[in-house]
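Peer 1: One structure is given below, represented as C-alpha cells, and several questions about it will come after.
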Amino acid sequence: YIPETGESVVGRISGKGSEFYRVDIGSAHQAILPFLAFENATKKNRPNLNIGDLIYARVSLANKDMDPELQCYNPANNKTEGFGKLE
Numbered sequence: 390y391i392p393e394t395g396e397s398v399v400g401r402i403s404g405k406g407s408e409f410y411r412v413d414i415g416s417a418h419q420a421i422l423p424f425l426a427f428e429n430a431t432k433k434n435r436p437n438l439n440i441g442d443l444i445y446a447r448v449s450l451a452n453k454d455m456d457p458e459l460q461c462y463n464p465a466n467n468k469t470e471g472f473g474k475l476e
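Position one of the sequence shown corresponds to residue 390 (my numbering), numbered consecutively onward.
Set out below in C-alpha cells:
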C-alpha cells in the first residue's frame, strides 16, 4: 500500500515517541500521528492511546522520502467527523 495525501486509513498504534504515535497502516513505512493532530488537542490535553489501539485517520502528508503523517480531524473545519480511536 502506498498512502496518498487526503486518504482515510485505519491503523494500529505500534509505538509512542516524545510527541507522536507510530501507526501501522499497512504500508512499507509506519505513519506518524502527532499528539496535537486531534480536535482540541493541546500539550496538556491530548489523547491517551495505547499500543494496539485502532484508529481511523486521514493522511495529511505523504511523500516517498519520509514517513506518512496522519491527523484525526478534518482541517477544513477542525472537527473530528468520525476520526480518532475506534472502539
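Each residue gets a CB set at the ideal place from its N, CA and C atoms; glycine is no exception.
Considering only their Cβ atoms, is the gap separating A420 from E396 smaller than 8 angstroms?
Peer 2: No, the Cβ-Cβ distance between E396 and A420 is not below 8 angstroms.
Peer 1: Write down the C-beta distance between E428 and K474 rounded to the nearest angstrom, noting that I regard them as a contact closer than 8 angstroms.
Peer 2: Wrong, their Cβ atoms sit about 12 angstroms apart, outside the cutoff.
Peer 1: At the level of alpha carbons, what is the spacing between V398 and A446?
Peer 2: One C-alpha to the other measures close to 5 angstroms.
Peer 1: On the DSSP bridge assignment, give the partners of Q460 in chain order.
Peer 2: R447.
Peer 1: Quick one: is A451 buried, meaning 16 or more other Cβ sit within 10 Å of its Cβ, or exposed?
Peer 2: Counting Cβ neighbours within 10 Å, A451 comes out buried, since at least 16 surround it.
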